[in-house]
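The structure appears right after this line, and notes come after that.
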Amino acid sequence: MTESGYCWRALTLDDARRCAEISTAVSACAGAGERFQPRDLRAEWTEPNFDLSASSLGAADAQGRLIAFAVFFATQEPPVRPYFNWGLDPAHGDPKLRAKLLSWAIDRGKSVIASCPPDARVSLWGGAYRGYSADESALHEAGFSPGRLWHEMHIDMIERPAAVALPNGFVIRPYCHEADLPILVDLVRDSFSDHYGHIEQSFERDLEMFRHWLDSSPVFDPDRVLLAMDEATGIVAGGVVPLREYQRRPGVGYIDMVGVRRAYRRRGLASAMLIQSFAEYWDRGIKAVCLEVDGESLTNALALYERVGMRVQHSFVSYEKLLRDGVELAKVAVK
87 MTESGYCWRA LTLDDARRCA EISTAVSACA GAGERFQPRD LRAEWTEPNF
137 DLSASSLGAA DAQGRLIAFA VFFATQEPPV RPYFNWGLDP AHGDPKLRAK
187 LLSWAIDRGK SVIASCPPDA RVSLWGGAYR GYSADESALH EAGFSPGRLW
237 HEMHIDMIER PAAVALPNGF VIRPYCHEAD LPILVDLVRD SFSDHYGHIE
287 QSFERDLEMF RHWLDSSPVF DPDRVLLAMD EATGIVAGGV VPLREYQRRP
337 GVGYIDMVGV RRAYRRRGLA SAMLIQSFAE YWDRGIKAVC LEVDGESLTN
387 ALALYERVGM RVQHSFVSYE KLLRDGVELA KVAVK
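Written out as structure tokens, the structure reads:
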């Protein structure tokens, strides 16, 4: 489809490299300095039950070079909070490109309303780097409202962290990926049930998604996973999933998941496991570690990461557009 001098088409997996270049350029303009990797996009675009050809839009210039894209996700059930990723090459300042991408995303969002319970609140989510006015202004003009801040937090270690003992009655036990993946998924489901926007999915769906992401990741190392077990019951009470490195920041470690079951919180499990992970990164020659966190976490995760020495590196703003008012099915408060 040709419109306004651009060729609009669905994306293919072959577009991952160019989309990663666009996202990296946007990040540089926003001062975040992330380097997006094509393999990460391909993993995202091949998630179970996702059809890239039906859920993406790209714009190419007169030379056929992709300069803008948007990818729409509505894979949760029910899809009351669909979201989209998007990017426009900063070298192309045509505001019509952003407006077209956002209009397309809104239309795709409206198309899932019929799949939601009739009384459910439905909203579309997108985002922009904090302070990147080109994207933020376009979102405002399209009727989106700023929601929550998400932070990338870093620790730059100048010495090996001193060990912190686990609370009495807990031990770190080995993780065997194939046998323990269901246990890890169950832990994550419990730990993240109090996170903002959480919508409980079937165990089978979550297991499938975790297997897809971990098995397709070149930086996932099962030997680095920490599971804290309650010796009295054998229950895995908490866990940390460190990756070899953050693919957007080569040479920097990345904590993919930190979780403690609700019944075991406020005992020091998370901080002890994080510090052990930092020490293990140090032993492998990595002195900087990062992770991402909801800046207004319902479980006060931000304070936890600050206590172990992490600081905000940059922030991303999530934006919401209400598509239909109604009963909120997602977690928005901890009771």
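Position in the sequence shown (first residue = 1) + 86 = the numbering used here. Note that the Cβ used here is the ideal one computed from N, Cα and C, for glycine as well.
Where does the unbroken alpha helix (DSSP H) through M440 begin, and where does it stop? The structure shown does not extend to residue 440, since the chain is modelled only from 87 through 421, so no value can be given for it.
For the candidate residues R246, R370, S141 and M359, whose alpha-carbon lies nearest to that of L390? Numbered from 1 along the sequence shown, position 304 holds the residue referred to as residue 390. When only C-alpha atoms are compared, the closest one is M359.
With 16 other Cβ atoms within 10 Å as the buried cut-off, status of P168: Counted from its first residue, the sequence shown places residue 168 at position 82. Buried, by the Cβ-count rule.
Excluding the 5 residues preceding and the 5 following P328 in the sequence, name in chain order all residues of the same chain whose CB lies nearer than 6 Å to its CB. In the sequence shown, the residue the question calls residue 328 occupies position 242. These residues qualify, in order along the chain: R310, I341 and S363.
Could you tell me the boundaries of the alpha helix (DSSP H) in which S197 lies? For the purposes of this step, residue 197 is identified with residue 111 of the sequence shown, where counting begins at 1. Taken as a continuous stretch (DSSP letters only), the alpha helix (DSSP H) holding S197 covers P181 to S197.
Return the chain-ordered list of same chain residues with a C-beta closer than 7 Å to the C-beta of T161, the five sequence neighbours on each side being excluded. The residue you call residue 161 lines up with position 75 of the sequence shown. The answer, listed in chain order, is E133, N135 and F136.
Report the partner residues of V208 according to the DSSP bridge assignment. Here the question's residue 208 lines up with position 122 in the sequence shown. R410.
In three-state terms, what does DSSP make of H284? Here residue 284 refers to the residue found at position 198 when the sequence shown is read from its first residue. Three-state DSSP puts H284 in coil, outside helix and strand.
Nearest candidate by alpha-carbon position, reference A185, set E120, A349, V420 and G144: Position 99 of the sequence shown, counted from the first residue, corresponds to residue 185. A185 has its Cα closest to that of G144, out of E120, A349, V420 and G144.
Taking its Cβ as the centre, do 16 or more other Cβ atoms sit within 10 Å of P165, making it buried, or is it exposed? Position 79 of the sequence shown, counted from the first residue, corresponds to residue 165. Buried, because 16 or more other Cβ atoms sit within 10 Å of the Cβ of P165.
Tell me which residues share the same chain as P308 and place their Cβ nearer than 8 Å to its Cβ, disregarding the 5 neighbours each side in the sequence. As a working mapping, residue 308 is identified with position 222 in the sequence shown. Answer for P308: Y261, C262 and H263, listed in chain order.
Could you give the residue range of the alpha helix (DSSP H) that holds Y391? Taking the first residue of the sequence shown as position 1, residue 391 is located at position 305. Start and end: A387 to R393.
Considering only C-alpha positions, which residue in the set G283, E227, R335 and F289 is nearest to T385? Taking the first residue of the sequence shown as position 1, residue 385 is located at position 299. Comparing Cα positions, the closest option is G283.
Rounded distance between the beta-carbons of Q123 and E238, thought under 8 Å: As a working note, residue 238 is residue 152 in the sequence shown. As a working note, residue 123 is residue 37 in the sequence shown. The pair is not a contact, with the Cβ atoms about 16 Å apart (cut-off 8 Å).
In terms of residues, what are the limits of the beta strand (DSSP E) holding D242? Position 156 of the sequence shown holds residue 242. Segment S231 to D242, the beta strand (DSSP E) holding D242.
Is the CB-CB distance between G337 and I241 below 7 Å? Residue numbering aside, residue 337 sits at position 251 when the sequence shown is read from its first letter. Residue numbering aside, residue 241 sits at position 155 when the sequence shown is read from its first letter. No, Cβ-Cβ distance for G337 and I241 is not below 7 Å.
Assuming contact is defined by CB atoms lying nearer than 7 Å, are A191 and F158 in contact in what I supplied? Looking up residue 191 in the sequence shown gives position 105. Looking up residue 158 in the sequence shown gives position 72. In contact: A191 and F158 (Cβ atoms closer than 7 Å).
Run the CB neighbour count on E406, radius 10 Å, all protein chains shown included, and call it buried at 16 or more, exposed below. Taking the sequence shown and counting its residues from 1, the one referred to as residue 406 is at position 320. Flag for E406 reads buried.
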